[in-house]
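My numbering numbers the first residue of the sequence shown as 225 and each following residue consecutively.
A virtual CB, placed ideally from N, CA and C, is assigned to each residue, including glycine.
All values reported here derive from a predicted model rather than from experimental measurement.
Everything below concerns the one structure shown next.
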Amino acid sequence: MDEQMIELLGGLLAGDLIGSAYEGMAGEGGRQFVISDSRLTDDSVMAMVTARLVLAESSDLTAADFADGYRECITASADKCSGFSPDMLMWATGSVEGGCMEGNGAGVRAAAIALVASTPNDIDRLVDMAVRPTHSIETMGMALILANVISELRLGVPAIEVRTALSVQLPMIDLYEPELFRSQSMDTTLWWTLPAALHIGLTASSYRALFKEVLFIGGDTDSIGAMAGAVGHARWGLRTMPRTVFGYLKGECNGPFACS
225 MDEQMIELLG GLLAGDLIGS AYEGMAGEGG RQFVISDSRL TDDSVMAMVT ARLVLAESSD
285 LTAADFADGY RECITASADK CSGFSPDMLM WATGSVEGGC MEGNGAGVRA AAIALVASTP
345 NDIDRLVDMA VRPTHSIETM GMALILANVI SELRLGVPAI EVRTALSVQL PMIDLYEPEL
405 FRSQSMDTTL WWTLPAALHI GLTASSYRAL FKEVLFIGGD TDSIGAMAGA VGHARWGLRT
465 MPRTVFGYLK GECNGPFACS
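Listed below in structure tokens is the structure:
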């Protein structure tokens, strides 16, 4: 199953991996893609459990199925993977209600669904069920934009056409400036990170260029990397992923973070 996850989500997982060691740091050029501190984070954990739920029986899934799967996975992984936010940890234990979060998890889950859903018609329904237990309606709407971008790319729509249409639907993507982004403090809301991830994913010429830009802007690099990497996966598959990243990814996916 881990090999299947790499095949289906490899770009997303790789983006999370390369960003993990630099999360919260100021952006910088010339960084190595993988170092000793690189690992898969909660973003990859949640993406993989989302994908497995969709692959199992998408026609019968409910929001409760997603919620149960997430709670089980968080409980099993929390001691191995410290990236889960306090809100998600409290939600998993029933300490707080869901339905109001605005973090990047909504985008990462939506990206995973768009990469594995068998037909575009399933995507809106699945994203709604996967995101609604924890995140706000507004954040779910943002996540759907990412999912639909990935779906269009999988259907063969050129990235430049997707980018042009997106500037009408999400005008803030045109406001993304790398230097401005680098100058801001850490922000983990989807409102802040999604325009950057979409811009990078749609304009990068290769995985190498995509990873460099994610590490250059800094901030929430693992989540931005995961979302941008998912867009890259829809564009290029795994053919052009740098060998070092791909090899490290295979080792991580056979490690402790792959919820089954």
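Which listed residue (the options) has its alpha carbon closest to that of residue i
| i | options | result |
| --- | --- | --- |
| Leu279 | Ser342, Arg255, Leu473 | Ser342 |
| Ala452 | Ser430, Leu399, Gly307, Glu252 | Ser430 |
| Ala316 | Ala291, Gly307, Val340 | Ala291 |
| Ala238 | Val386, Asp267, Met314, Glu376 | Asp267 |
| Leu340 | Ser309, Leu426, Met272 | The sequence shown places Val at residue 340, not Leu. Cα-wise, what sits closest to Val340 is Met272. |
| Met396 | Thr417, Ile298, Val320 | Thr417 |
| Ser309 | Thr468, Thr412, Thr286 | Thr412 |
Nearest-angstrom Cα separation, counted from residue j out to residue i
| i | j | result |
| --- | --- | --- |
| Ser283 | Arg276 | 13 Å |
| Leu422 | Phe435 | 13 Å |
| Gly461 | Leu232 | 9 Å |
| Glu296 | Met270 | 11 Å |
| Ala487 | Tyr294 | Residue 487 is absent from the model: the chain starts at 225 and stops at 484. |
| Ala334 | Ile374 | 9 Å |
| Pro466 | Gln228 | 19 Å |
| Gly380 | Gly318 | 42 Å |
| Met314 | Val320 | 6 Å |
| Arg463 | Phe470 | 10 Å |
| Gln408 | Gly475 | 34 Å |
| Val386 | Glu281 | 30 Å |
| Thr468 | Ile298 | 29 Å |
Cβ neighbours of residue i in the same chain (closer than 7 Å, five flanking residues each side left out)
| i | result |
| --- | --- |
| Leu414 | Glu326, Gly327, Asn328, Ala330, Gly331, Thr363, Met366, Ala367 |
| Ile337 | Thr274, Val278, Ile347, Leu350, Val351, Ala354, Ala371 |
| Ala428 | Leu434, Glu437, Gly456 |
| Ile424 | Leu434, Glu437, Val438, Ala452 |
| Ser391 | Ile397, Asp398 |
Own chain, CB closer than 6 Å to residue i, minus 5 neighbours either side, in chain order
| i | result |
| --- | --- |
| Asp311 | Met325 |
| Gly253 | Phe440 |
| Met410 | Gly248, Gly443 |
| Ala245 | Ile259, Asp261, Ser262 |
| Gly243 | Val438, Thr445, Asp446, Gly449 |
| His359 | Met325, Ala330 |
| Thr255 | Sequence check: residue 255 is Arg here, not Thr. Leu439. |
| Tyr472 | Val258 |
| Pro344 | Ser375 |
| Thr265 | Asp240, Ser244, Gly307, Asp446 |
| Pro402 | Ile441 |
Beta-carbon proximity of residue i to residue j, cut-off 7 Å
| i | j | result |
| --- | --- | --- |
| Leu404 | Ala458 | no |
| Gly322 | Pro357 | yes |
| Arg432 | Gly251 | no |
| Ala217 | Gly234 | Only positions 225 to 484 of the chain appear in the structure, and residue 217 is not among them; the question remains open. |
| Ala383 | Leu426 | yes |
| Ile369 | Leu394 | yes |
Own chain partners of residue i with C-beta closer than 8 Å, once the 5 adjacent residues on each side are dropped
| i | result |
| --- | --- |
| Leu399 | Pro419 |
| Leu285 | Leu277, Val278, Leu350, Met353 |
Quiz prompt | Every unbroken alpha helix (DSSP H) inside the region 308-366 [4 residues or more] | solution = 310-316, 329-340, 347-355
Quiz item: Residue ranges of each alpha helix (DSSP H) run of no fewer than 4 residues wholly in the region 377-414, ordered along the chain?
Solution: 383-393, 402-407
Quiz item: If you scan the region 249-294 from start to end, which runs of the alpha helix (DSSP H) of 4 or more residues do you find wholly inside it?
Solution: 266-281
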